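K.L.:
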Amino acid sequence: MKSLEKYLTVSPEVKEALANGKPVVALESTIISHGMPYPKNVETAMNVEKIICDNGAVPATIAVIGGRLRAGLTEEEITYLGKKGLAVTKASRRDLPVLAARGEDGATTVAATMIIAALAGIPVFATGGIGGVHRGAEVTMDISADLEELAETPVMVVCAGAKSILDLGLTLEYLETKGVSVLGYQTEELPAFFTRTSGFHVDYRVDTPNELARIYRAKQDLNLGGGLLVTNPIPEEYAMDPDYINRSIDEACEEAKRLGIKGKEITPYLLDKIQKITGGKSLEANIKLVYNNAALGAKVACELCGLESE
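Letter by letter, the sequence shown follows residues 1 to 310 of full-length UniProt numbering.
#1: Hey, residue 133 and residue 82 are a contact pair by Cβ (cut 8 angstroms); roughly how many whole angstroms apart?
#2: Note down the Cα distance separating residue 125 from residue 203, rounded to an integer number of angstroms.
#3: Could you check if residue 48 is buried or exposed, using at least 16 other CB atoms within 10 Å of its CB as the buried criterion?
#4: Comparing C-alpha positions only, which one of 65, 115, 99 sits nearest to residue 26?
#5: With a 10 Å radius around its C-beta and 16 neighbouring C-beta atoms as the bar for buried, classify residue 293 as buried or exposed.
#6: Mapping the DSSP letters down to three states, classify residue 185 as helix, strand or coil.
#7: If I measure Cβ to Cβ from residue 305 and keep anything under 8 angstroms in the same chain, skipping five residues before and after, which residues do I get?
#8: Tell me whether residue 204 sits in a helix, a strand or coil according to DSSP, three-state version.
#9: For the region 229-243 against the region 180-187, do three or more pairs of beta-carbon atoms, one drawn from each stretch, fall closer than 8 angstroms, so that the two count as touching?
#10: Please classify residue 39 as buried or exposed, where buried requires at least 16 neighbouring CB atoms within 10 angstroms.
#11: Would residue 117 count as contacting chain D if we go by Cβ distances under 8 angstroms?
#12: Does the distance from the CB of residue 312 to the CB of residue 120 come in under 8 angstroms?
#13: Could you please give the first and the last residue of the uninterrupted beta strand (DSSP E) stretch that includes residue 169?
#14: Which residue's Cα is closest to the Cα of residue 244: 13, 261, 282, 4?
#15: In the DSSP assignment, find the unbroken alpha helix (DSSP H) run with residue 242 in it and report its ends.
#16: State the Cα-Cα distance for the pair residue 265 and residue 102, rounded to the nearest angstrom.
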């Protein structure tokens, strides 16, 4: 589509993989610019790409650079986003047309990454955790655009659950209303990002990457629209103590409320504050769960390509 080519750039490696039926996994860029400090952010991003390659797929880190929606970045471009950090716009659906028209940069959230992945023809996306319904949303109406995107955009999102700074019960209720299947990879309980359990149940337990791929394929064949949410618990050896991390989250939330921090600034603020409270332990857990999700995402992408040949 000519109008799409005006805005979308798919890297040669990703384009070749898609054209030849090879597995590709999309990756977000908010974690690079807003998720952690330089140079840890660049190191983590490059490690994630390597994990995807090691598991047989092609990585496609997604961002907006100079107004171009990009699917597949070079190491230099990832470093550019990492160094620029918080100066890069945190881009969701509402930001994409503005950044494209102005020729500006954007680090893509889950929602924006899903959009660009779908435009490029990439069905699998691995990330850390999705956004959701924020605590106190019954007053603030602060609900992440990630949830609406899951209802609309046909991409499978592999994550470690919704970020534990959120109201997980209301997040699940919202997803149910929107008809989004929440699948637990080898678990019946919704993981809570830093921890493996939350007290809430997923819709279905799924035990293999092949079955995840078949469920996604069935959803597409039935023309049901929207995506799938795969929740993959953080490896047990890296999981944090629930009481400890929940106390840290409560402390961070209270301070954010006191300072009047809200909107798109709230999530990066809370994650940074929790990292400081925990002496960096939450950041290390965050990195390990992203690595875990990248590996699973690559395995599912490989299985999905196998189904296409059936």
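Ideal Cβ positions, reconstructed from N, Cα and C, are used throughout, including at glycine.
The structure presented is a predicted model; accordingly, all values stated were derived computationally and were not measured.
P.N.:
Here's the rundown:
#1: Between residue 82 and residue 133 the Cβ distance is about 30 angstroms, and since that is not below 8 angstroms, they are no contact.
#2: 20 angstroms
#3: buried
#4: The candidate whose alpha carbon is nearest that of residue 26 is 115.
#5: buried
#6: strand
#7: Scanning its chain for C-beta atoms nearer than 8 angstroms, with the 5 sequence neighbours on each side dropped, one finds around residue 305 the residues 21, 22, 23, in chain order.
#8: strand
#9: With a cut-off of 8 angstroms, the region 180-187 and the region 229-243 count as touching, because enough Cβ pairs lie within range.
#10: exposed
#11: No chain D appears in the structure shown, which is made up of a single protein chain.
#12: Missing from the structure shown is residue 312; the chain here goes from 1 to 310 and no further.
#13: Not the beta strand (DSSP E): residue 169 falls in the alpha helix (DSSP H), residues 168-177.
#14: 282
#15: 242-259
#16: 22 angstroms
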